[in-house]
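Participant: For the sequence shown, our numbering assigns the number 1 to the initial residue and increments by one for each residue that follows. Right, I'll just put the structure down here and ask away after.
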Amino acid sequence: MEKLVVTVAPTGSIPSREQNPHVPLTPREIVEDCAACVEAGASVCHIHARDERGRPSGRLDLFREITEGLRRRTDAIIQISTGGRAGSTLEERSRRLDLRPEMASLTTGSVNFPEGVYANPRDLVEALASRMRELNIKPEMEIFDVSMVEGAAALVRQGLADAPLHFNFVLGLRGALPATIKNLLHLAETVPPGSTWTVSGIGRHQLPMAVHAILMGGHVRVGLEDNIYYRKGVPARNVDLVARVVRLARELGREVASPAEARRILGLSGA
Ligand code: ZN
C-alpha cells in the first residue's frame, strides 16, 4: 500500500477561540502551528486566512504572509482553499491562486451548509479549474455529495483538469453526505481509476473515518477546521490530531509519507 499522506486543516472558516483556545488565526500562528504539524508527520497544509478580528478573509496579503512563512519554515505542500465563505465572487476566490501554491481546493458543486448555501455554480467551477490548470496548481476536488465526483470527472473531459485526479471526501457535515463506511466505500469505488483520495470526517467522525481510510489505502485530513475536539469535551490541538493519526497508521502497518513522497503520490509536478 502507498504511504499515507496526512493533510492538516488547522483553521478553516468556522472555529473560534471561544470554541477552542488552540485554533491558529493570525498568519504567524498558522505558520507555527503548521510547522509543528509537519514535524509530527503532516505533508499537506490546507490553508484559510482570518482577518484581525478572526473573521474568514480572502485578503491576498494574509494568504501571502502564510504561504511565504510556510515556504520558509517547512517543505510541506501548500494547499490554498478557494472556498467561498471568505468571499463569493470568482475574483475574490481566484486571486489567491496567484501565490502559486502547489495545490488548491475546488468544490465541484453546491451544497446546503448549516449556515447557508455554499454556492459553486458550474461557470465558477470551470473558471477556477481553468485558472489552476494555467498556473500548474493541482486541484483537490472537495466532495460533499456523490454527484460532485462526476462534476470533477467532467472537468477532465472538458480539458480543464488533468487526470489522475485527487479527491477529498468531506463526510459528516450536516446537510451533506453522512460519514458512514458505506458512503466512504461507494465514493472510493466511484472516483475514476488511478485517482487518489483523502477523507475529512467532520466532528466526531474524524477519527473513525481516518482509521477506515488508513486501512483502505486512502489518505487522511485532520485538523480543527473539521473537528475541534480531541475526544468528547476535550479541545484538540492540531499537532495532537496529526500525531494521533500518524501513531495509528504506524500501528496498523501503514507508513507515513514525507512531503517529497506525498508530491510523488499526488502526482505534483515538483515531485
Ligand atoms: Zn477548507
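Glycine included, C-beta positions come from ideal geometry on N, C-alpha and C. All values reported here derive from a predicted model rather than from experimental measurement.
For a test of your reading of the model: does the CB of Glu126 fall under 7 angstroms from any non-hydrogen atom of ligand 1? Yes or no.
Facilitator: Glu126: no, Cβ never under 7 angstroms from ligand 1.
Participant: For Phe64, which residues of its own chain have a beta-carbon under 8 angstroms away from its beta-carbon, when the five flanking residues on both sides are left out?
Facilitator: For the sequence presented, residue 64 should be read as Arg rather than Phe. So the list reads Leu99, once near-sequence residues are dropped.
Participant: Does Lys3 come out as helix, strand or coil in the three-state DSSP assignment?
Facilitator: In the structure shown, Lys3 sits in coil (DSSP, three-state: anything other than H, G, I, E or B).
Participant: Just checking: is the beta-carbon of Glu134 within a distance shorter than 8 angstroms of some beta-carbon in chain B?
Facilitator: Going by chain labels, chain B is absent from the structure shown, which holds only one protein chain.
Participant: Looking at Ser200: is its Cβ nearer than 8 angstroms to the Cβ of Arg221?
Facilitator: A contact, by the Cβ cut-off of 8 angstroms.
Participant: Over the uninterrupted alpha helix (DSSP H) stretch that includes Gln206, give me the two end residues.
Facilitator: Here the alpha helix (DSSP H) through Gln206 covers 206–216.
Participant: Going along the chain, which residues of its own chain have a beta-carbon closer than 7 angstroms to the beta-carbon of Gln19, five neighbours each way excluded?
Facilitator: The residues are Ile228.
Participant: Just to check my reading of the structure: Arg81 and His48 have Cβ atoms closer than 8 angstroms, yes? What is that Cβ distance to the nearest angstrom?
Facilitator: First, the amino acid is wrong: residue 81 is Ser here, not Arg. That pair is a contact at about 5 angstroms.
Participant: If you follow the alpha helix (DSSP H) that Ser130 is in, where does it begin and where does it stop?
Facilitator: 122–134 is the extent of the alpha helix (DSSP H) around Ser130.
Participant: Between the alpha carbons of Ser43 and Val5, how many angstroms are there, rounded?
Facilitator: Roughly 6 angstroms separates the two Cα atoms.
Participant: Given a cut-off of 8 angstroms, decide if Ala9 and Gly218 are closer than it, judged by their beta-carbon atoms.
Facilitator: For Gly218 and Ala9, no; Cβs fall outside 8 angstroms.
Participant: Quick one: using the 10 Å Cβ neighbour count with 16 as the cut-off for buried, is Ala257 buried or exposed?
Facilitator: When all chains shown are included, Ala257 counts as buried.
Participant: Nearest-angstrom Cα distance between Asp162 and Pro139?
Facilitator: C-alpha separation (whole angstroms): 9 angstroms.
Participant: Quick one: is the Cβ of Ala9 within less than 7 angstroms of any heavy atom of ligand 1?
Facilitator: Yes.
Participant: Per DSSP, Thr198 is paired with what?
Facilitator: Answer by DSSP bridge pairing, in chain order: Asn168, His219.
Participant: Please look up how many angstroms separate the CB atoms of Thr74 and Cys34, rounded, as I've assumed it's under 8 angstroms.
Facilitator: Indeed, because the Cβ distance is near 7 angstroms, the residues count as touching under 8 angstroms.
Participant: Since Ile143 contacts Leu187 with CB under 8 angstroms, what's their CB separation in whole angstroms?
Facilitator: Indeed, because the Cβ distance is near 6 angstroms, the residues count as touching under 8 angstroms.
Participant: With H, G and I counted as helix, E and B as strand and the rest as coil, what does DSSP make of Arg59?
Facilitator: Residue state, collapsed to three classes: coil.
Participant: Do Pro97 and Ile137 have their CB atoms nearer than 8 angstroms?
Facilitator: The sequence as given places Leu at residue 97; Pro does not occur at that position. Yes; because the gap between Cβ atoms is below 8 angstroms, this pair is in contact.
Participant: Would you say the beta carbon of Gly172 is closer than 7 angstroms to some non-hydrogen atom of ligand 1?
Facilitator: No, the beta carbon of Gly172 sits no closer than 7 angstroms to any heavy atom of ligand 1.
Participant: Out of Val117, Asn120, Arg133, which one is the CA nearest neighbour of Ala104?
Facilitator: The shortest Cα separation from Ala104 among Val117, Asn120, Arg133 belongs to Arg133.
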